[in-house]
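Everything on this sheet refers to the single structure shown next.
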Amino acid sequence: MHAPGHRRKTLAHPDLGRVRVNCDVLAVPEDDQQIVFVTADPGTPSARALRHLARVSPARERETPERAPQ
């Protein structure tokens, strides 16, 4: 786990090349979990690359199975 805060990372995507993203990590109070937001600066080639990936993602084509009640 990482300490909460802001980081910048550069990812090497096999088709899109280098994608620079912002990672904001928020701790969930009284839990052992974190929420990570991955974004790109608006108007940048990285933002366009993330939008492209969102449109062509195979995950969007698959149906998500219903979760069983716990």
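Note that the numbering used here has the sequence shown beginning at 264, numbered continuously upward. Where a beta carbon is used, it is the ideal one built from N, C-alpha and C, also for glycine.
DSSP-derived helix/strand/coil call for Q333 = Per-residue confidence for Q333 stands at a pLDDT of 49, beneath the threshold of 50, marking its modelled position as unreliable; the derived number appears in the next sentence. Here Q333 sits in coil by DSSP.
Between V279 and A312, which are expected to be in contact by the criterion C-beta below 8 Å, what is the C-beta distance as a whole number of angstroms? The question names Val, but residue 279 in the sequence shown is Leu. That pair is a contact at about 5 Å.
(message) If you reduce the DSSP assignment to three classes, tell me which class L316 lands in.
(response) helix
* Compare the Cα-Cα distances from L316 to each of H269, K272, R270, H276 and report the closest residue. => H276
Relative to the alpha-carbon of R283, which residue among S320, R270, V319, R318 has its alpha-carbon at the smallest distance? R270
Sequence-distant residues of the same chain with beta carbon closer than 6 Å to I298, five excluded per side: L289
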